[in-house]
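Start counting the sequence shown at 544; every next residue gets the next number (this note's numbering).
For every residue, glycine included, the Cβ atom is placed at its ideal position computed from N, Cα and C.
This report refers to the structure that appears directly beneath it.
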Amino acid sequence: MGGGNFEASLQQRLTERKQQQLYRRRRTMTSAQGAEVIIDGRPCINFCSNDYLGHANHDKLKQAAIAAARDYGVGSGASHLVCGHSVYHHRLEEALAELTGRPRALLFSTGYMANMGAITALVGKGDFVFQDKLNHASLIDGGLLSGARFQRFLHNDVDALAARLARCQGTGRQLVVVDGVFSMDGDIARYPNLPKCAMTITPV
């Protein structure tokens, strides 16, 4: 495909997305994260942030970040396993392990990476991963990248899940992955009804 044709096809797809009301534009925030923010110059009440505990603009955390940047800079230089596992990360992992009563804790840079990492560590080729159709994208991506055979079941339908599990008995490990609270709908997973034989990941 020639360069002109390729660009024309991309432009057509962009036009179609706009016509379908699917074209997204980023809005510029000129304030700190919080319950009230300034978006595109207008004061707004923020209903869509993940900063549930209000830590993003907490004064003690800002001062700690300033001190860490002053002492250690603003980049790790590489992944943790290469040369980037700082003493701050290590101390936090030890504190979290003690808090939760676990022998070890492992930090990820984002919840997205944590979900992908957990799933790919638990299952692989020859295994099965079953996911609610309304799971967060990080869980879906983790299931697809794991190499396990990937199946989705109807939202919060434990009977549909049980039927899929029954068809896959004795063919490798089975991992059931569901959100604790489904972010786009706000409903809660029916954990008491999940099959006992399945492992379950609950994203934080």
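- Taking C-beta separations shorter than 8 Å and ignoring five residues to either side along the sequence, the partners of E579 in its chain run P586, C587, I588, N589, following chain order.
- Scanning the region 640-700 from its first residue to its last, the whole beta strand (DSSP E) runs of 3-plus residues come out as 671-675, 692-696.
- Beta-bridge partners assigned by DSSP to Q717: F671.
- Counting C-beta atoms within 10 angstroms of its own C-beta, S689 has 16 or more neighbours from the protein chains shown and is therefore classed as buried.
- In the three-state DSSP reduction, R570 falls in the coil class, being neither helix nor strand.
- The distance from the Cβ of A599 to that of Q576 is about 4 Å, consistent with a contact at the 8 Å cut-off.
- Classified as buried, H679 has 16 or more neighbouring CB atoms from the shown chains inside 10 Å of its CB.
- Judged by DSSP secondary structure, I582 falls within the beta strand (DSSP E) whose first and last residues are 579-582.
- Going by C-alpha positions, K676 is about 26 Å away from K561.
- Look at the beta carbons and you see the region 644-656 not touching the region 712-732: under three pairs across the two are nearer than 8 Å.
- Residue pairing from DSSP leaves I609 without any beta-bridge partner.
- For I588, the enclosing beta strand (DSSP E) covers residues 585-588.
- For V625, the three-state secondary structure derived from DSSP is helix.
- DSSP places V724 within a strand segment (E or B) once states are collapsed to three.
- Note on geometry: alpha-carbon atoms of G584 and Q694 lie some 45 Å from one another.
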